[in-house]
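Below you'll find the structure, written out as structure tokens, and then a few comments.
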Amino acid sequence: MTPAIVLAAVLAAALVIYALLGGADYGGGIWSLLASGPRHERQRELVESAIGPIWEANHVWLIVALVLLFVGFPGAFARFAIIERIPLVVLVLGIVLRGSAFAFLGASVDHDVAQRRWGRVFAAGSALAPFALGLVAGSVAAGGAPFYGIFPVACGFFTVALFAYLAAAYLLVEAPADLEDDFRRRALVSAVAVFVLAFIVLALSPRAAPLVRVGLTRSPWTWPLQLATAAAALTAFYAVARARYRLARAAAAVQVALIVGGWAAALYPWILPGVVTVQRAAAPRLTLVLVLGALGIGALFLLPALYLLFRTFKGARPFSPVDRPAA
Amino acid sequence: MTNLAWARQLMGISLVFHIVFAAAGVAMPLLLVLAEHRWRRTGDPWWLEIARRWAKGVAVLFAIGAVSGTVISFELGLLWPGFMEVAGPVIGFPFALEGFAFFGEAIFLGLYLYGRDKLSPRVHFASAVGIAVAGAASAFMITLVNVWMNSPTGFRLLAGRRVADVDPVMAMFSPGWGQEVLHVILSCYMAVGLAVAGIHAFALLREPSSAFHRRALGLALAVGGVATLLQPFSGDLSARFVARNEPVKLAAMEALFATRPGAPLRIGGIPDVEERAVAGALVVPGALSLLAFGDSRATVQGLDAAPRSAWPNVLLTHLFFDLMVICGLVALAVAAVGAGLAWRVRGTPTQRWYLHLLAWTSPLAFVALEAGWMVTELGRQPWALRGVMRTAEAVTPVTGLAALFAGFSAVYVILGTSVGVLIWREVHATLRPSARPRVKEAHA
Numbered sequence: 022m023t024p025a026i027v028l029a030a031v032l033a034a035a036l037v038i039y040a041l042l043g044g045a046d047y048g049g050g051i052w053s054l055l056a057s058g059p060r061h062e063r064q065r066e067l068v069e070s071a072i073g074p075i076w077e078a079n080h081v082w083l084i085v086a087l088v089l090l091f092v093g094f095p096g097a098f099a100r101f102a103i104i105e106r107i108p109l110v111v112l113v114l115g116i117v118l119r120g121s122a123f124a125f126l127g128a129s130v131d132h133d134v135a136q137r138r139w140g141r142v143f144a145a146g147s148a149l150a151p152f153a154l155g156l157v158a159g160s161v162a163a164g165g166a167p168f169y170g171i172f173p174v175a176c177g178f179f180t181v182a183l184f185a186y187l188a189a190a191y192l193l194v195e196a197p198a199d200l201e202d203d204f205r206r207r208a209l210v211s212a213v214a215v216f217v218l219a220f221i222v223l224a225l226s227p228r229a230a231p232l233v234r235v236g237l238t239r240s241p242w243t244w245p246l247q248l249a250t251a252a253a254a255l256t257a258f259y260a261v262a263r264a265r266y267r268l269a270r271a272a273a274a275v276q277v278a279l280i281v282g283g284w285a286a287a288l289y290p291w292i293l294p295g296v297v298t299v300q301r302a303a304a305p306r307l308t309l310v311l312v313l314g315a316l317g318i319g320a321l322f323l324l325p326a327l328y329l330l331f332r333t334f335k336g337a338r339p340f341s342p343v344d345r346p347a348a
Numbered sequence: 088m089t090n091l092a093w094a095r096q097l098m099g100i101s102l103v104f105h106i107v108f109a110a111a112g113v114a115m116p117l118l119l120v121l122a123e124h125r126w127r128r129t130g131d132p133w134w135l136e137i138a139r140r141w142a143k144g145v146a147v148l149f150a151i152g153a154v155s156g157t158v159i160s161f162e163l164g165l166l167w168p169g170f171m172e173v174a175g176p177v178i179g180f181p182f183a184l185e186g187f188a189f190f191g192e193a194i195f196l197g198l199y200l201y202g203r204d205k206l207s208p209r210v211h212f213a214s215a216v217g218i219a220v221a222g223a224a225s226a227f228m229i230t231l232v233n234v235w236m237n238s239p240t241g242f243r244l245l246a247g248r249r250v251a252d253v254d255p256v257m258a259m260f261s262p263g264w265g266q267e268v269l270h271v272i273l274s275c276y277m278a279v280g281l282a283v284a285g286i287h288a289f290a291l292l293r294e295p296s297s298a299f300h301r302r303a304l305g306l307a308l309a310v311g312g313v314a315t316l317l318q319p320f321s322g323d324l325s326a327r328f329v330a331r332n333e334p335v336k337l338a339a340m341e342a343l344f345a346t347r348p349g350a351p352l353r354i355g356g357i358p359d360v361e362e363r364a365v366a367g368a369l370v371v372p373g374a375l376s377l378l379a380f381g382d383s384r385a386t387v388q389g390l391d392a393a394p395r396s397a398w399p400n401v402l403l404t405h406l407f408f409d410l411m412v413i414c415g416l417v418a419l420a421v422a423a424v425g426a427g428l429a430w431r432v433r434g435t436p437t438q439r440w441y442l443h444l445l446a447w448t449s450p451l452a453f454v455a456l457e458a459g460w461m462v463t464e465l466g467r468q469p470w471a472l473r474g475v476m477r478t479a480e481a482v483t484p485v486t487g488l489a490a491l492f493a494g495f496s497a498v499y500v501i502l503g504t505s506v507g508v509l510i511w512r513e514v515h516a517t518l519r520p521s522a523r524p525r526v527k528e529a530h531a
């Protein structure tokens, strides 16, 4: 258990948390893009109020991951930025458009033309960024393959569906009664899309990503991981159908965590498959130890503050999977 | 234009854009804390209104700062992979700390902006303090990285960009960290404080009876003014440090071609690198030696002490330096006059001539801030890591940067314009007669 492996695990964890928090923010924006029906305005309002206080904090997990990559695995960071430069530029563009549009949206006078325009930019950016993330993830797994190959593109669509699904599951917990049906339908439809796209990605992976094929289909923990993911998915599906939304949210989160975590774990021992391994890319030991120490101390201060943030805006039991019947 | 030139341009424009919002992220929280404090202390509902309206601007400024900062994180890897390979293990630690400070900022910002009605007054106020502290901390950390670039320590460079004997803590506190951190942090409070004061001065000219704008002006001018009055001392410290430790940069800043005792100060003028002369400058004999070393006969190193290939762009470095100093001195004069007037009336100066002066000159502090960064970055060229790695060695092999430059420039123009329009609209909204403080929603 070298410091390099520990830091790589922390990096993976940061990406998982980014998917669970930031990913859901993007998903919310996707539902804003796809808002429809008589309640489309209310749907958008729900998304905006859900994201409002937390989106900046959620976005920071990406920065954390990026910084850990840069500090801990500097050679890999530089190569990564060069190999994946085009989807990364798209990602950054999506992030910039989404974030700034959302800020302008919040600052605009209600219902004026500017708000409409920024709302559309916010929604478009929210769909673009996850797609680009998927392109990057797929391209990296495929050993730096061109981002426009079928495998990375499939990963792109998969990521969009995954984040939309996650957001729908989260929003159900917060949705007012009149929007419940809308988002339940969205959750179920996107769950099916996730299932189909996951199947496609898995089917493509042996040929497209041979270096991680072992991780994805052959290693001893593969089948337990796949089973756990399937179990979480089925639980979420069932829970949504039965209106047990906190359970659904938790199960969807577990499912997404297993998928993203599984992708990261499948890369090991590579950090950039076909390019460099975790051990070879690692910074000197002292640097790694200092950063891990700083992470520990930082977590001590920041995690409680983060909990306070969620507690303040998401209610008394922000992460609880237990549905209590309405009084 | 070469790849290197495009990479520089792209990085440059991204930093020029980002720093405005980063400075706001450092200084605005202090203004908010002070406004909140005044509100709690005096119960005067205008202070609550000021905090609310400033918070509205802060939300947008922070968001743009966050996303433009993300762009820079990517650009560091995309444009300067050679630099990152060395920088990562050596100076990555303060980068990580900056990331954590930013995390704190984002959390406290969410709590502060949206939690007024949900949190207890104490916790809400504490979250404002949290943003201010975290903001200053992240500025501190990121400046340490720049300090290291100017005076690299804490490692040994081997062949193939590998590093050995890495001492991250030593690298973090490379020579000159104190003076540069002080100068940068003061510059944030100075530029933002004066800019906000200028906006309220402009509004007060339109609506002289506005209690809102008078108080807001007073507070912003106090913060900006104090920072401005301290900045020349900090600038002096920095100049003395640069004279000792980065003589080539000083020589470029002052367009001093020949090493000599009793070196003159040259204000303005166009340096001619071929002729090694400066045309049209205002020359003050012995002043450079005096300022740099405290002795008008001291020897100051000129550019001739370094090979021609190691010279920065003398024209740009010199002109940006003079721009910074001139803008800084104007701001100093305005702050000093303001301090005098404030002392006389025991309150906020509201004389129309002064409000005009303040409104017109207030953006100059930001010009000084940008010019200062140009000086330190341009003055370090051709080095990315002074004495260790040239910018040309650090640059990416990737091509097509011109398109990226065009694309991001367009984005920055759009975002910058939108921010400007938003602030304009907000200020206008306060000039309508119906701009009353919302006392009902206030709670002590």
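Those protein sequences? They're chains A and B, same order as listed.
So that you can map any letter, position 204 of the first sequence is 225 in the numbering used here, and since no number is skipped, the others follow by simple counting.
So that you can map any letter, position 22 of the second sequence is 109 in the numbering used here, and since no number is skipped, the others follow by simple counting.
Backbone N, C-alpha and C fix where the C-beta goes; we use that ideal spot for every residue, glycine too.
Asked                                                                                                                                                                                                                         : Found
Does any CB atom of chain A fall closer than 8 Å to the CB of B/A342?                                                                                                                                                         : no
Quick one: list the residues of chain A neighbouring B/L184, beta-carbon separation under 7 Å, in chain order.                                                                                                                : A315
What's the call for A/L321, buried or exposed, on a 16-neighbour Cβ count within 10 Å?                                                                                                                                        : exposed
To which residues of the same chain is B/W511 closer than 8 Å at the C-beta, ignoring the five residues directly before and after it?                                                                                         : none
Residues of chain B with CB under 9 Å from A/R207, in chain order?                                                                                                                                                            : Those within 9 Å of A/R207 in chain B number zero; the least Cβ separation is about 25 Å.
Just to confirm before moving on: does the CB-CB distance between B/V454 and B/L410 stay below 8 Å?                                                                                                                           : yes
With 9 Å as the C-beta to C-beta threshold (strictly closer), list the residues of the region 88 to 104 of chain A near chain B in chain order.                                                                               : V88, L89, L90, F91, V92, G93, F94, P95, G96, F98, A99, R100, F101, A102, I103
Excluding the 5 residues flanking B/A350 on each side, which residues of the same chain have their C-beta closer than 7 Å to its C-beta?                                                                                      : L343, L375, S376, V387
Can you confirm whether the region 321 to 341 of chain A touches the region 132 to 149 of chain A when touching is taken to mean that 3 or more C-beta pairs between the two stretches lie within less than 8 Å?              : no
Strictly under 8 Å for the Cβ-Cβ distance: is A/G120 near chain B by that measure?                                                                                                                                            : yes
Less than 8 Å separating the beta-carbons of B/G312 and B/G425?                                                                                                                                                               : yes
Identify the continuous alpha helix (DSSP H) that holds A/P245 and give its terminal residues.                                                                                                                                : 243 to 262
Is it buried or exposed for B/R209, if we count other Cβ within 10 angstroms and need 16 for buried?                                                                                                                          : exposed
Could you tell me whether the Cβ atoms of B/L317 and B/A452 are closer together than 8 Å?                                                                                                                                     : no
In chain order, what residues of the same chain lie with their CB nearer than 7 Å to the CB of B/N90, ignoring the 5 residues before and after it?                                                                            : V482, T486, L488
Please list the partners that A/E69 has in chain B, where partner means a Cβ-to-Cβ separation under 7 Å.                                                                                                                      : Within chain B, no residue comes near A/E69; the closest Cβ sits about 12 Å away, beyond 7 Å.
Could you tell me if B/H105 is buried or exposed, where buried requires 16 or more neighbouring beta carbons within 10 angstroms of its beta carbon?                                                                          : buried
Take every Cβ of the region 234 to 252 of chain B, pair it with every Cβ of the region 285 to 302 of chain B, and state whether three or more of those distances are shorter than 8 Å.                                        : no
Whether or not the region 167 to 179 of chain B and the region 221 to 228 of chain B are in contact is what I'm after, with contact meaning three or more pairs of Cβ atoms, one per stretch, closer than 8 Å; do they touch? : no
Reducing DSSP to helix, strand and coil, say where A/L329 ends up.                                                                                                                                                            : helix
Looking only at its chain, what residues have a beta carbon closer than 6 Å to the beta carbon of B/L403, apart from the 5 residues adjacent to it on each side?                                                              : L465
Suppose the cutoff is 7 Å on Cβ atoms and the five residues either side in sequence are ignored; what does the same chain contact list for B/R327 look like?                                                                  : A379
Going by beta carbon distance, what residues of the same chain come within less than 7 Å of A/L246, once the five residues before and after it are set aside?                                                                 : L279, G283
Got a sec: which bits of the region 484 to 505 of chain B sit with their beta carbon under 7 Å from any beta carbon on chain A, in order along the chain?                                                                     : V485, L491, V498, L502, S505
How would you write the range of the beta strand (DSSP E) that B/D359 sits in, first residue to last?                                                                                                                         : 357 to 359
Going by CA-CA distance only, name the one from B/A122, B/F161, B/V432 that's closest to B/V216.                                                                                                                              : B/A122
If I follow the unbroken beta strand (DSSP E) through B/R353, where does it start and stop?                                                                                                                                   : 352 to 354
Is A/A162 helix, strand or coil when you go by DSSP?                                                                                                                                                                          : helix
Given A/P294, which residues of its chain have a CB within under 8 Å of its CB, disregarding the five upstream and five downstream residues?                                                                                  : V161, A162, A163, G164, G165, A230, L232, V233, L288
Which stretch, first to last residue, makes up the beta strand (DSSP E) that contains B/L166?                                                                                                                                 : It is not in any beta strand (DSSP E) - B/L166 instead sits in the alpha helix (DSSP H) that spans 132 to 166.
Comparing the C-beta of A/L327 with each C-beta of chain B, is any distance below 8 Å?                                                                                                                                        : yes
Cβ of A/L309 within 8 Å of Cβ of A/P24?                                                                                                                                                                                       : yes
Are the C-beta atoms of A/R338 and some chain B residue less than 8 Å apart?                                                                                                                                                  : no
Judging by CA-CA distance, which residue of B/G434, B/T129, B/A94 is the nearest neighbour of B/L308?                                                                                                                         : B/G434
State yes or no: is the beta carbon of B/S225 nearer than 8 Å to at least one beta carbon in chain A?                                                                                                                         : no
Could you check what DSSP says for A/P108 in three-state terms: helix, strand or coil?                                                                                                                                        : helix
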